[in-house]
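Here this note's numbering is used: position 215 in the sequence shown is 241, and no number is missing along the way. See structure below.
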Amino acid sequence: MPRLYSQAYLTACALTPPQAIRQAAALGYSDVGLRLWPNVAGAPQQFLIGQPAVLRETLAVQRDTGVGVFDLEIIRIGAGFDPRIYLPLLEAGAALKARALLVAGDDTDEPRLTEAYARLCELVQPYGLTADLEFMPWTAVPDANAALRIVLAAGRPASAGILVDALHFDRSGTTLDDIRALPRDLLHYAQVCDAPTRAQWTPVGRAFTVEEMVHTARCERLQPGEGGIGLQALFSALPNDLPVSVEVVHLQRMAQIPPADWSRQCLAASRNLLDLQATQA
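As structure tokens, this is what we get:
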């Protein structure tokens with residue numbers, strides 16, 4: 027089966043949900059990711075929740091194009107987390123027939139974070155969604171081992187998942203053996219992009235700062251093959267049929283070309299690397 031590619035929110039962050047789906051269809055993506063909830067208060071997002079006309083248009087474009095909504099962003103678990111706040115997001119996900127919710131863990135009290143994640147998974151399950159916990163080195167879930175530990179301690183709910191982002195894999199202490207140790211049933215999709223490695227970016231012996239990692243993740247990712255992340259090794263360690271979210275944002279470069287051209291380049295670069303790898307496997 028050919029690998030499925032989804033156009034992530036960050037790759038098409040200037041577009042509305044209907045525009046993103048139309049563009050994805052024209053370029054050959056099977057799905058899109060949408061950010062219907064901001065990653066921090068007041069941050070950019072796509073507006074659909076509470077806007078019935080936008081939802082109707084989005085559903086109509088889905089029917090016309092056959093492009094699905096793969097994942098929705100973003101749920102952040104902090105201290106005092108109440109998953110019911112996100113019910114409008116879950117309801118939108120059910121209407122759009124989305125598959126996954128991207129979840130970030132910010133609560134540094136791991137037992138409390140684990141209990142909150144378990145409650146979220148319980149709430150999510152009737153909506154036909156998975157709650158995919160993404161490890162990010164500046165959060166309370168800094169690496170793949172931490173993500174797996176939390177999911178297992180939560181009782182490995184049926185809706186649980188772990189999201190591997192190539193950038194966070196590179197910036198964290200996660201190893202390829204850690205990736206191989208992730209149970210297949212917890213892997214629903216992975217995110218691909220590239221970036222300079224530590225040796226290319228920083229003086230020898232200095233680690234990335236949190237500010238540098240966050241800036242790269244949100245503003246300055248590279249297309250696959252342009253940086254130094256070991257993408258072929260990473261995706262060889264992941265299931266070869268795992269859907270791939272193409273998440274490449276570079277705000278400076280994106281401002282210089284039409285959105286479709288940028289997204290087309292990102293998809294082509296991803297396919298050149300990952301499809302070639304699949305044929306050699």
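The beta carbon of each residue, even a glycine, is placed where N, CA and C say it ideally should be. The structure presented is a predicted model; accordingly, all values stated were derived computationally and were not measured.
Per DSSP, the bridge partner or partners of residue i
i: D97; result: G59 and A126
i: E246; result: H276
i: E160; result: L189
i: Y31; result: V270
i: Q217; result: D191 and S271
i: R102; result: A130
Whether residue i touches residue j by CB criterion (8 Å)
i: Q33; j: G59; result: yes
i: A259; j: L202; result: yes
i: R89; j: Q72; result: no
i: A221; j: T242; result: yes
i: A120; j: L81; result: no
i: Q249; j: A186; result: no
i: D133; j: A105; result: yes
i: P70; j: P78; result: no
i: R29; j: L300; result: yes
i: L5; j: A124; result: The requested residue 5 is not part of the displayed model; the chain covers only 27 to 307.
i: A192; j: L257; result: yes
i: T223; j: D196; result: yes
i: L293; j: Y112; result: no
Same chain only: Cβ atoms within 8 Å of residue i, ignoring 5 sequence neighbours per side
i: W164; result: V236, M239 and V240
i: L264; result: V190, I205, L213 and A216
i: I176; result: G131, E136, L139, T140, Y143, L159 and V167
i: Q151; result: P183, A184 and S185
Close Cβ partners of residue i (< 6 Å) along its chain, the five nearest in sequence each way excluded
i: A180; result: T140, Y143 and A144
i: D97; result: G59, A126 and L128
i: P114; result: I75
i: E246; result: H276
i: P109; result: R145, L146 and L149
i: S262; result: none
i: R297; result: none
i: F107; result: A142
i: G92; result: none
i: G251; result: A295 and L299
i: E83; result: P44
Residue i CB to nearest heavy atom of the ligand HEM below 7 Å
i: E141; result: This structure lacks the ligand HEM; in fact it carries no ligand of any kind.
Chain-order list of residues whose beta-carbon lies under 7 Å from that of residue i (same chain, five-residue window excluded)
i: V87; result: P44, I47 and R48
i: L208; result: A170, L174 and I188
i: A172; result: F161
i: R290; result: L53
i: S198; result: F161, P163, P168 and D169
i: I100; result: R61, W63, N65, L128 and A130
Problem set entry | the region 264-284 in contact with the region 33-46 per 3-pair CB rule at 8 Å | The way I'd put it, the region 264-284 does touch the region 33-46; three or more beta-carbon pairs between them come closer than 8 Å.
Problem set entry | Three or more C-beta pairs below 8 Å linking the region 275-294 and the region 37-56 | Touching, yes.
Exercise. Where in the region 138-183 do unbroken runs of the alpha helix (DSSP H), each at least 4 residues long, occur, reported from the N-terminal end onward?
Worked result: Whole alpha helix (DSSP H) segments, 4+ residues: 170-179.
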